[in-house]
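Under our numbering, the very last position in the sequence shown is 1184; numbers go up by exactly one each time. Heads up, the beta-carbon is just placed ideally off N, CA and C, and yes, glycines get one too.
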Amino acid sequence: MQKKISIVVSVYNESLGLEQFYNHITEVLSATTMNSKWDYELIFVNDGSRDSSLDLLRKFASADSRVVVINFAANRGHEAAMIAGIDYATGDGIVCMDADLQHPPESIPAMLSKFEEGFDIISMIRTSRADAGLFKRITSKAFYKVLNKMAGKNKFENNSSDFFGVSRRVANILRKDYRERVRFLRGYVQNVGFKKATIEFEASARAAGESNYNLKALIKLSINAICNFSDAPLKIGIYSGIISILAALILIIYSIVQYFLGNAPSGYSTIIVVLCFMFGVLFIILGFISEYLGIIFAEVKGRPIYIVDSVIVEGEERIEGGEIN
Ligand code: UDP
Ligand code: MG
């Protein structure tokens, strides 16, 4: 029986390397699926790109009926794009990957064999990261250590990536039961259960353009978030807590030094030290509570994970949201 693999690719301002990616992956997919029981569809999710990515995608879709384009009304982030791609995918197996060739299309044949062997989840593990500096590697490692300590029964693969494969039934679970607004998609994928395979791959450097996930972009994004649309002000507690504790530490050191210099610290500094320290702890706890409150806030509002502007299937572009029934 004919089977279909859906490749989901999230695209945000990738115009520089998109053509190269499309040519490369089409070559691999045609070679792999030729004379096999697999057919494929290539789903591009345009996550509100502000460059000419959408024009390129329209061009691919008009010449190639296997290309599907889901065009977001605005940028919603990489995870939202992957979720949309999974929602629209019609394949028996679904593979999510990046558009910058950091996830090698050459791994797809190996993933297909795993699907054929009956695996439901294929976790792609990075063996090395050509683009990641020491800082990124250390922080990522520490992140997974802490996460695994705190997550109880759930386990997270170190070096896992947003390059993964899921079977139709896992996709159905993601479509139905994992609709959180605040989420960690690759964490869900690794923890739904079923038969899981891991394949190693070497992450190469970006084919073109720049990473969208730099520290500056994240900080800027959070500043732009205004109170009405964000829970950022709720998090002030954490920062005030940290500052209070730092102030307390400085005062402690100052008092000790003064003590050994023969100037016994006055009652005044002791009180300030204790006050600062206690307030610091209090604010940090308050900050954590706010963190959870913010997540509940986002879930209660229940706004859509993504909003689709148009969809291109078999070269036909359909505008979404025109009629209400
Ligand atoms: N991406 C997206 N929406 C965003 C940011 C990124 O769909 O808001 C896509 C991007 O086009 C790429 C993938 O997510 O295909 C990974 O992004 P990037 O390469 O910037 O991240 P990195 O590989 O540096 O972690
Ligand atoms: Mg990348």
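Unbroken alpha helix (DSSP H) run spanning residue i, endpoints
i	result
Glu1158	1126-1160
Val1051	That residue, Val1051, is in no alpha helix (DSSP H); it is neither H nor E in DSSP.
Ser912	912-922
Val1005	993-1009
Tyr947	937-947
Ala890	874-892
Ile967	967-975
Heavy atom of the ligand MG within 7 Å of residue i beta-carbon
i	result
Arg1040	no
Asp906	no
Asp957	yes
Ser1070	yes
Arg985	no
Arg1065	yes
Exposure of residue i, with buried meaning 16 or more beta-carbon neighbours within 10 Å
i	result
Tyr1098	exposed
Gln861	exposed
Tyr1113	exposed
Ser865	buried
Tyr1151	exposed
Gly1052	exposed
Asn1087	In this prediction, Asn1087 scores a pLDDT of 45, lower than 50, which makes its location untrustworthy; no coordinate-derived value is stated.
Gly1180	exposed
Ile945	buried
Val928	buried
Val870	buried
Met1009	exposed
Ile1155	exposed
Ala1107	buried
Asn872	buried
Lys973	buried
Leu993	exposed
Ala958	buried
Asn1083	Reliability fails at Asn1083, whose pLDDT of 38 lies under 50, so the model's placement of it is uncertain and the value that follows must be treated cautiously. Asn1083 should be labelled exposed.
Thr1129	exposed
Tyr1127	exposed
Asn1232	In this structure the chain extends from 860 to 1184, so residue 1232 is not present and cannot be described.
Asp923	exposed
Ala933	exposed
Ser1103	buried
Where the beta strand (DSSP E) containing residue i begins and where it ends
i	result
Leu901	897-905
Ile1171	1167-1172
Glu1176	1175-1178
Ser1020	1019-1026
Ile929	926-931
Bridge partners - residue i, DSSP secondary structure assignment
i	result
Val867	Ile902, Cys955
Glu1061	Ser987
Ser982	Phe1023, Thr1057
Lys862	Trp897
Residue i: CB within 7 Å of a non-hydrogen atom of the ligand UDP
i	result
Val1005	no
Gln961	yes
Glu873	yes
Ala948	no
Gly992	no
Gly944	no
Val867	no
His883	no
Val926	no
Asn934	yes
Val870	yes
Ala1106	no
Ala1157	no
Ala940	yes
Review point. Counting pairs of Cβ atoms below 8 Å between the region 946-954 and the region 1014-1033, do you hit three or more?
Key: yes
Exercise for review: Decide yes or no for the touch test of the region 893-900 against the region 936-943: beta carbon pairs closer than 8 Å, at least 3 of them.
Suggested key: no
Exercise for review: Check whether the region 975-995 touches the region 911-922, taking contact to mean three or more Cβ pairs, one atom from each stretch, closer than 8 Å.
Suggested key: no
Check your understanding: If you pair each beta-carbon of the region 1162-1174 with each one of the region 1127-1143, do three or more pairs fall below 8 Å?
Key -> no
Practice item. Would you check if the region 996-1006 and the region 1116-1123 touch, i.e. whether three or more CB-CB distances between them fall below 8 Å? Key: no
Practice item. Determine, using beta-carbon pairs with one atom in the region 961-970 and one in the region 874-894, whether at least three such pairs fall under 8 Å. Key: yes
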